[in-house]
Each structure stands twice: as structure tokens, then as C-alpha cells.
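Remarks on the structure that follows.
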Amino acid sequence: MIEPNKKYDILVAGGGNAALCAAIAARRAGASVLVVESAPKFYRGGNTRHTRNIRCAHDSATDTLTGPYFEDEFFDDMMKVTAGRTNEPLLRMMIHESKDVLNWIQQQGVRFQPSLGGTLSLGRTNSFFLGGGRAMLNALYRTAESLGVDVQYDAEVTALDVRDGAFVAADVWQSDAIYKIPARAFIAACGGFESNFHWMAEYWGEAAYNFLIRGTRYNQGTVLKMLHGSGIGEVGDPTQCHAVAIDARAPQYDGGIITRLDCVVFGIVVNAHAQRFYDEGEDVWPKRYAIWGRLVAQQPGQIAWIIFDQPSLKMFMPSLFPPIAASSIGELADKLQLDVTTLEMTLRDFNMSVRTGTFDHTILDDCYTEGLMPPKSHWARRIETPPFYAYPVRPGITFTYLGVRVNEEARMIMADGRPTANMFAAGEIMAGNVLGQGYAAGVGMTIGSVFGRIAGREAAKNVRN
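Okay, here's the thing in C-alpha cells:
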């Protein structure tokens, strides 16, 4: 329970990777820290519970990485996926800091495993957590608590007292009581608003109610809204988010990584009209997978189907749910409740346009379509060997990009451009500073770890001064 009379230097709102990196860094710098997590202990950690890896720059191969991933390549990858919609100085700073964070986070007890191969193609660029996101979280919590960080669960920030850009106190609800918690600095690391369907619908309309949330139900955006209401500058497009195509049979919340589908490259994707709508072979998986959630969100009913045949069945990581199988395309169309004639025509046109080369899903190969719109630029193979399979997919939202503006100290910036006196942010709540659109696998954890560490360090410095 919250101790009403206990004083803290720093209050951290949130309980995931960004919040814990901030709390640990602040505590190691000598500040007293309270972390308030709105979720119960079992669900602590927000979306970090479902993650598997982090993308960091490094200059050579390691025990868990197969080769170097230089800062310039990381920057080029980010410029490509964001189409240049980013704060370049902040992005370059984050990438540079990520090199040291990769070592620092291991010093906090986090362990890595050899990277996965297959369709992910991340063995050189991303480090995978041994035991996944929950094991990574448990390590950070152990370290934070061993250092003397206080953590409170089922503790939701319900009001902020901010005066002319200076944090004074927060109201925190816990066990049917409201506690006013003053602190000398405040760090917001409590995610976006993707779990707030009504807020999402303000930008997406009724389509938002067909979205599935890959992670926590607790990211309601309440602190974000309060910060904007207190004069903190906004950043990011409210319609942009990290959205992937996930199995449409997934639960509304917390489906996590096991509902994601990696098989777009091996087939075609059709909408409710049984028609293709985008190039399935545009780019390698880590740079392209996060476009598909948004693409499906723009289709009728916010649903689509990935269709492939028998030779592809064992070539990718499957969903938690089995694919829908049929002995013919007509039978498959019936099972999917799609127009039989249209789906058969879509497959016939696709198969006739395929120009066969040497198939290799790990590179931009020479298997493509000719005279087809939209094209399939790579990895095109005829879909003709029964049984035929399909996965239904819906937009799976991980986090939103509307957030608070920060500088290189992770210090929040007021709407009029002034830096706040003692307010910092890290993780998804400020991701829009570097993610104007798009996504690269593992970069959400990069944002949380880098800016969390900076926020904690700078908040502690602010307290000392």
C-alpha cells in the first residue's frame, strides 16, 4: 500500500521497460523513487510482457548477434520505415545511445539468447531476451527493488498538479482511496492510448472497434491526456500506430506475439471482396511486417485473409490458431465466406503472372509477378498445390504514436516550446518523436530503454540541482 507520509524525489508513472529503466537509472544516481503501476502485479509491465527482442547498434558480432549493425545502417533503416517522418537529431542520439544500452541492460540482470532465424531475419540486428519479455521484466523488477525503488500496483494516476511547466504532485488511486503524492520530478512512462477504443474511434471512426489490442488493456492514455491538458506539447499523428496483421481469432486484449502472422511473404492477401490490395513482397520482414495492420484497417470490415498452399505450410512461425484448410480454392472460399468466382479469378490472375526465379525469403529474391496490379515484387510462387490454407487477419495494435514532445534529455517540452522544469518522458508515450510512421522490429524496446535511462539520469540530476 502507498505510504501517505513517505517522501520521494521522483515519481514514475508506468510499470514497463521504459519505467523500470528510468527508475533504475534514477536510483543508481542517488534519487529516491516511487513507481506506480496501474495494473495488478500479475499484469505488470504493459506491452513489455509480450516483447521478445531489442534493436541496438553494435560494431561487431557478439555471442548473441551474428554480425555488426552500424549506426548509419540503423539510421538508414529508420529513415526508410518512417519515410523521413522523424526528429533526426533525436533519432541519431537514440541510435548512438543504444550501443551502450545493450551493455547497460545486461548489467541490470537481463539475459539474452541467440537470435532466431527463419522468417524474422533478425540474427544480426536484434538481441533476443532469454525467456522473453516477462523474464526481462522480472529481471528489471528484481534489480529495481534490490536498489530500494518502491513499486505500487493497482495504483492509477488520476490527476496531475502541474504549474507553469513544473510538476508539483499527482493524485493516485489505490484501494478505493486517493493519495496525493508530491515529488521533485515526474517521469511519464505509461504507454499510449491504444486500449481506449472510444479515443481511437475519434480518429479511425467505427473501424476502431474492429481492432484487436496485442498487449495490455491498461494503456488508456489517461496520463497522456492530462499532460496535454497541462500544456505539454503534442507530437505525432493520432492515426499512426504500431499495427500488425494478427490472427482475427485472437482475444481483444493480450494476444501477444503468438497471434502474429509471419506468412504474408508466402502467399497472397485478399480482402472481403476476395481481391488483393497490396504488394506482399515489398520488403524483408523486419521492415515490412508493421505496415500490414494499417493496410488491413483500411479494408472493408477491417479483415483480410492470407492464402497459401501446401509447400509453404512449414516455412514460417504459425499462429496460436491452426490455418483454415480446404482441398480446393472453391471450398476455401466457401469456408471464408468469400465469393468463389472472384477468389478463383484472383488466384488465376496471380498464378499466370508469376515469373519464377530462385526463391529465398531472407533476401530480396528474383521471384516476382509481371503485368499484375498490385504486383508482388519478390517471393512470388504459384499457389496451386492442395491443400490450400488461409489465416484470417485483423489489425493488431501494439501502441499509438500520439505523445508528448521531448528533447535530448527526455525532458518534456511545453506547447510554447519551453522545456519543463522537472518533467520527463520515456517509452511509448513519447515514441512519436522518432516514429512519425512505420516501425522496425525491436525499436519500441530501443525507445523505452534509451529514453528511460536518460529520463532517470536527467531527473536525478534535476533533483540534485
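In the numbering used here, the protein residues as written are 287 to 751. For every residue, glycine included, the Cβ atom is placed at its ideal position computed from N, Cα and C.
Spatially closest choice to residue i from the options, by CA coordinates
i      : options                        : result
Val509 : Lys293, Trp459, Thr545         : Trp459
Asn496 : Phe607, Pro586, Cys476         : Pro586
Trp665 : Val582, Ala701, Ile554         : Ile554
Glu568 : His344, Met603, Met512, Ile649 : Ile649
Thr429 : Gly395, Phe453, Arg704         : Gly395
Element boundaries [alpha helix (DSSP H), containing residue i]
i      : result
Arg420 : 418 to 432
Burial state of residue i, where buried means 16 or more other Cβ atoms lie within 10 Å
i      : result
Thr684 : buried
Lys621 : exposed
Thr405 : Low confidence applies here, because Thr405 scores a pLDDT of 48, under 50, leaving its location unreliable; read the following figure in that light. Buried, by the Cβ-count rule.
Thr777 : Summary: the structure shown does not reach residue 777, with the chain confined to residues 287 through 751, and so no result is reported for it.
Glu289 : exposed
Ile740 : buried
Lys293 : exposed
Phe328 : exposed
Asn751 : exposed
Pro400 : exposed
Asp548 : buried
Glu383 : buried
Pair within 8 Å by beta-carbon distance, residue i and residue j
i      : j      : result
Asp457 : Ala445 : yes
Ala529 : Ala583 : yes
Ile669 : Ile593 : yes
Val550 : Arg691 : no
Gly689 : Asn303 : no
Ile715 : Gly501 : no
Asn373 : Gly728 : no
Ser605 : Ile544 : yes
Residue i (DSSP reduced to helix, strand or coil)
i      : result
Ser318 : coil
Arg739 : helix
Gln438 : strand
Ile288 : coil
Val556 : strand
Thr405 : Unreliable positioning characterises Thr405 in this predicted model, as indicated by a pLDDT of 48, which lies under 50. The coordinate reading is nonetheless provided below. Looking at Thr405 - three-state DSSP - the assignment turns out to be helix.
Cys476 : coil
Phe602 : coil
Gln399 : strand
Pro524 : coil
Trp591 : strand
Residue i at chain E interface by Cβ criterion, 8 Å
i      : result
Thr628 : Among the chains of the structure shown, chain E does not appear; only one protein chain is present.
Residue i: first and last residue of the uninterrupted beta strand (DSSP E) it sits in
i      : result
Arg341 : 339 to 341
Ser413 : 412 to 415
Asn708 : 705 to 711
Thr684 : 674 to 686
Val582 : Looking at the DSSP string, Val582 is not in any beta strand (DSSP E); the run it does join, the alpha helix (DSSP H), is 578 to 583.
Phe453 : 452 to 460
Tyr294 : 294 to 299
Ile260 : No answer is possible for residue 260: it lies beyond the span of the chain, which begins at 287 and ends at 751.
Ile532 : 527 to 533
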